[in-house]
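Structure, as structure tokens:
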Amino acid sequence: MSSPGHDDDRGSRDDVSDARLRVRIGEASASLLRLNGAAPIAAESLVALVRVIADEAARNQRFADAIAGALRPVTAEVAAAPARRQAPVRKAPAGRAKRAPGLFDPFEAFRDGGEAGLRDRLAPLDVDRLKDIIAEHAMDYDKLAMRWRTPSKLRERIVDRVKALSTKGDAFR
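Under our numbering, the sequence shown is numbered contiguously, ending at residue 174.
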């Protein structure tokens, strides 16, 4: 028997996992858009290929497992392969600590209260708390937000990213 709140914890982890996947999908979309500028046929071909594979994997669990199995050894080999001409590992400068987790999940706030609810939850937060949320949910895609010192700019970044990632693909539903 599970303890109370256990399912909520799993749900929160699933939400964070979904949010991270949405960020990675957004980054892949940006890469495809850049490719489209340089090689439109290649970009269209990749989009079509990924769409066919993802649709089939969603319909056919055996196919999804085969893809995961086929890619797993490749990623394991890459991780285990000795590094050649690898850049030296840089340590974080002294005094820079990892950011604290965000005070709340902005995707959950958006889902529960819409844009207005998210803005209400963000309004009382200071710059550091806003940056915690941005860092936790990988919203600093252009490496600019962590330099900002204006709470309103940080709030807008969070709202924009949450809206974009939460509604991505709605046109196809």
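A virtual CB, placed ideally from N, CA and C, is assigned to each residue, including glycine.
Minimum C-alpha distance to residue i - residue among the options
| i | options | result |
| --- | --- | --- |
| Asp19 | Ala146, Thr151, His138 | His138 |
| Val160 | Arg150, Asp143, Gly115, Tyr142 | Gly115 |
| Ser32 | Lys164, Tyr142, Ile54 | Tyr142 |
| Thr151 | Leu34, Ser30, Ala124 | Ala124 |
| Lys154 | Ile135, Gly118, Ser46 | Ile135 |
| Lys99 | Pro41, Met147, Ala165, Val48 | Met147 |
Delimiting residues of the alpha helix (DSSP H) encompassing residue i
| i | result |
| --- | --- |
| Gly114 | 107–123 |
| Lys132 | 128–137 |
| Asp56 | 41–60 |
Coarse secondary structure for residue i, derived from DSSP in three states
| i | result |
| --- | --- |
| Arg150 | coil |
| Lys99 | coil |
| Leu104 | coil |
| Met2 | Caution is warranted here: a pLDDT of 47 is assigned to Met2, below 50, making its placement in the model unreliable, and the coordinate value is therefore given only provisionally. Of the three classes helix, strand and coil, the one that applies to Met2 here is coil, per DSSP. |
| Asp141 | coil |
| Lys164 | helix |
Contacting residues, own chain, Cβ-Cβ under 7 Å from residue i (five flanking each side not counted)
| i | result |
| --- | --- |
| Arg130 | Leu104 |
| Arg122 | Phe105, Ala110 |
| Ala93 | Confidence in Ala93 is poor, its pLDDT being 49 and thus under 50, which makes the residue's placement too unreliable to answer from. |
| Arg158 | Ile135, Met140, Ala146 |
Neighbourhood of residue i by C-beta distance below 8 Å, restricted to the same chain and skipping five residues each side
| i | result |
| --- | --- |
| Pro102 | Asp133, Glu137 |
| Ser167 | Arg23, Phe108, Phe111, Arg112 |
| Asp15 | none |
| Ile68 | Ile54, Ala58 |
| Arg120 | Arg156, Val160 |
| Asp127 | Pro152 |
Cutoff 6 Å; reference residue i; Cβ partners in own chain excluding five residues on either side
| i | result |
| --- | --- |
| Glu57 | Phe64 |
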